[in-house]
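Here our numbering runs 104 ahead of the position in the sequence shown, where the first position is 1.
Don't be surprised by glycine CBs; every beta carbon is placed ideally from N, CA and C.
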Amino acid sequence: MSGLSKPAEESRSALKACVDHYFASRGWKPLAFQRETWRAIAQGQSGLVHAPTGMGKTQALWLGACMQSLRVHKRSQAASTLNGPTLLWITPMRALASDSLSALREPFVDTLWAKRFEVGMRTGDSTSAERQRQARRWPFALITTPESLHLILSRADATAVLGSVQFVMVDEWHELIGSKRGVMLQLALAWLRQQLEHAPQVWALSASLGDLETAASALIPGKTRLITSSKPKSIQVHCLLPQASSRLAWAGHLGLSMCEPLAQYLDQSKSALVFTNTRSQAELWYQALLEARPQWAGRIALHHASLDLSVRRWVEQALKAGQLSLVVCTSSLDLGVDFSPVEEVIQIGSPKGVARLIQRAGRSGHQPGASAKITLVPTHALEVVEAAAAAKAVEAGELESRAPPQRPMDVLAQFMVTLACGPGFESPQLYDMLKQTASFSDLTHKEFDWALQFVSRGGESLRAYPDHHRVGIGEDAVWRVQRSDLIRRHRMNIGTIMSDAAVQVKILNGGNLGSVEESFISRLRRGDCFIFSGRLLELVRFHEMTAYVRKASRTKAAVPRWNGGKMPLSL
């Protein structure tokens, strides 16, 4: 305690009392891994917390960072002069951000600490008013995604905004580590480490990683702390088979022939989540279950990422409040969201991996000491075998190892333009920075020069087109983007998620339902019907990237297809 002033000691004591009261008011006691995490953060360490879903990983990292932030030393004094967030909470998907916001605010509700540890959110769902308010006064903690973090990096004042960051917490790291979005996060953290006088403490949390050392080193260079829970979560895995007189098909992925057996099974359930692997499949299963059990109307809902934000939040709140018995969903409800009323989870088709099966199973029994339950519904005969193999893997505790992609040049080129839109970069320093990341540690000078030529001259193929001469070097040897139109265009396209242009779907003279891809709507004619947001809709007109619809009475209708839905399906 020698590094603390007396006021700081008093503040930490008061905060500890607040934390103790928070746990006691819920009948909890801090678990061993939570206390270990708090000690590690207090010692200035970075690392990975791996514990089953619902065990309190969020509280371990969040409360540890809050207590550590009260320590008085040179770094915090320097940071206090900057108007930026102290903590970045990285979420893998914007649908999870609002729940993370509630989870981080919860310990300090109705206390004097609520203002000190103010939490804000900056994702694709944030309004322009929220962004403008943050520009005037940033919160202590900012919940954001890799894409939104790169948008901040593309600002001219990125160094000032992020100069006060002391902590970076990466939620559900298993969802990012093996993807290019994870590489985007690696690059952003490498930039922070290079720019800040004192590197921020970086922690990742997950419930379903195989090789913990690889997962930690992919995000944090150097020595890291690995913290795990000593209490494994009990997971029950079952497989729902068709009636004796029925047979499963040998191919296909929709599995609608299992609708009636599943409906009969759910008749005995009080609350459940039905996971599908694609948004199209979710729309079809929602309709099929509602047709099989019309009496469920008002107690069943649909949730996926293309639905309007207001619809998604209503479903989440209604499920938490126990107002819904069944929600058909996609990966939009995979992560983080605490739905205590949910008793069990249904998985339609293959979960595409043991880690994902465990993650989805954890949506039930989402509290310390509770067991999770998941029922697999095969869509074809071979998935019965896959279900048996998955159940054995869960029992044995075998998880897939995930490694970061190596040298994705498209991500590197995009990152170069992002920095050039904002504070700019000097090529020698950027190359040295890239070599410190897991994905670009083997990057050669030749590869780096190729990427630089591509963003500055369009490479060999596009050098004749001025719009591809994005980045230029100034007399100060700093590479920047000079044209404001190129900056705007780049910011609108930051990211690595594949998708077509989004078309808003609105009820004629009514509210917004969500969005579908332009490639789907462009194939429809006026009067054609399609299923979306759990409704049968008729296209009235299409104007300025908005499809105006009304309720339809026909039974035959198309189902939207999304490019992202192609990924989970085997070829």
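Of the listed residues the options, nearest to residue i (C-alpha basis)
i, options, result
"residue 527", "259, 171, 608, 515", "259"
"residue 510", "449, 121, 538", "538"
"residue 170", "143, 644, 375, 635", "143"
"residue 563", "149, 347, 517", "517"
"residue 343", "490, 151, 397", "490"
"residue 317", "281, 615, 463", "281"
"residue 602", "133, 642, 118, 284", "284"
"residue 295", "320, 253, 274", "253"
"residue 624", "590, 347, 664", "664"
"residue 587", "387, 599, 570", "570"
"residue 161", "431, 229, 134", "134"
Residues sharing a beta bridge with residue i, DSSP
i, result
"residue 353", "Answer by DSSP bridge pairing: none, since residue 353 is not bridged."
"residue 225", "247"
"residue 51", "No answer is possible for residue 51: it lies beyond the span of the chain, which begins at 105 and ends at 675."
"residue 621", "606"
"residue 655", "641"
"residue 634", "641, 662"
"residue 572", "According to DSSP, which records beta bridges pairwise, residue 572 is partnered with nothing at all."
"residue 462", "None; residue 462 has no bridge partner."
"residue 342", "479"
"residue 591", "Paired residue(s): none; residue 591 is not in a bridge."
"residue 317", "Per DSSP, none; premise fails for residue 317."
"residue 433", "379, 407"
"residue 457", "Partner(s): none; residue 457 has no beta bridge."
"residue 616", "610"
"residue 191", "245, 271"
"residue 419", "None, per the DSSP bridge assignment."
"residue 552", "Per DSSP, none; premise fails for residue 552."
"residue 451", "379, 480"
Cβ neighbours of residue i in the same chain (closer than 6 Å, five flanking residues each side left out)
i, result
"residue 178", "For residue 178, the pLDDT reaches just 43, beneath the cut-off of 50, and the residue's location in the model is therefore unreliable, leaving the point undetermined."
"residue 445", "375, 426"
"residue 181", "Low local confidence applies: a pLDDT of 47 at residue 181 is under 50, so the model's placement there is unreliable, with the coordinate-based value given in what follows. Cβ neighbours of residue 181 beyond the five flanking positions: none."
"residue 166", "208"
"residue 168", "141, 142, 145"
"residue 341", "478, 495, 498"
"residue 628", "643"
"residue 422", "428"
"residue 506", "281, 282"
"residue 558", "517"
"residue 638", "390, 406"
Residue i vs residue j beta-carbon contact at 8 Å
i, j, result
"residue 308", "residue 330", "no"
"residue 246", "residue 226", "yes"
"residue 412", "residue 257", "no"
"residue 156", "residue 333", "yes"
"residue 196", "residue 224", "no"
"residue 508", "residue 286", "yes"
"residue 542", "residue 321", "yes"
"residue 404", "residue 394", "yes"
"residue 682", "residue 390", "In the structure displayed, the chain extends from 105 to 675; residue 682 sits before or after that span and is not available."
"residue 339", "residue 233", "no"
"residue 249", "residue 297", "no"
"residue 373", "residue 420", "no"
"residue 430", "residue 503", "no"
"residue 478", "residue 465", "yes"
"residue 360", "residue 482", "no"
"residue 311", "residue 450", "no"
"residue 164", "residue 138", "yes"
"residue 328", "residue 152", "yes"
Residues near residue i by beta carbon distance below 7 Å, same chain, minus five either side
i, result
"residue 673", "Legend: pLDDT at residue 673 = 42, less than 50; position of this residue unreliable, no value from coordinates given."
"residue 661", "633, 634, 635, 640"
"residue 536", "none"
"residue 408", "383, 386, 433, 434, 436"
"residue 279", "196, 439"
"residue 454", "487, 490"
Beta-carbon contacts of residue i that lie in its chain and below 8 Å, excluding the five residues immediately before and after
i, result
"residue 188", "242, 264, 265, 266, 267, 268, 269"
"residue 529", "520, 523, 582, 583"
"residue 354", "484, 485, 486"
"residue 658", "633, 640, 642"
"residue 697", "Limits of the chain in this structure are 105 at one end and 675 at the other, which puts residue 697 out of reach."
"residue 545", "539"
Near the ligand COA: residue i beta-carbon under 7 Å from a heavy atom
i, result
"residue 578", "Ligands displayed in this structure: none; no statement on the ligand COA is therefore possible."
Kindly confirm or deny that the region 559 to 579 and the region 260 to 271 touch, where touching means at least three C-beta pairs closer than 8 Å. no
Between the region 649 to 661 and the region 601 to 617, can you find at least three pairs of beta-carbon atoms closer than 8 Å? yes
Counting pairs of Cβ atoms below 8 Å between the region 539 to 550 and the region 493 to 506, do you hit three or more? no
contact_flag[the region 378 to 386, the region 396 to 403] where n(CB pairs < 8 Å) is 3 or more: Taking one beta carbon from each stretch, the region 378 to 386 and the region 396 to 403 have fewer than 3 pairs nearer than 8 Å; the two do not touch.
Contact between the region 157 to 165 and the region 233 to 241: three or more CB pairs below 8 Å? no
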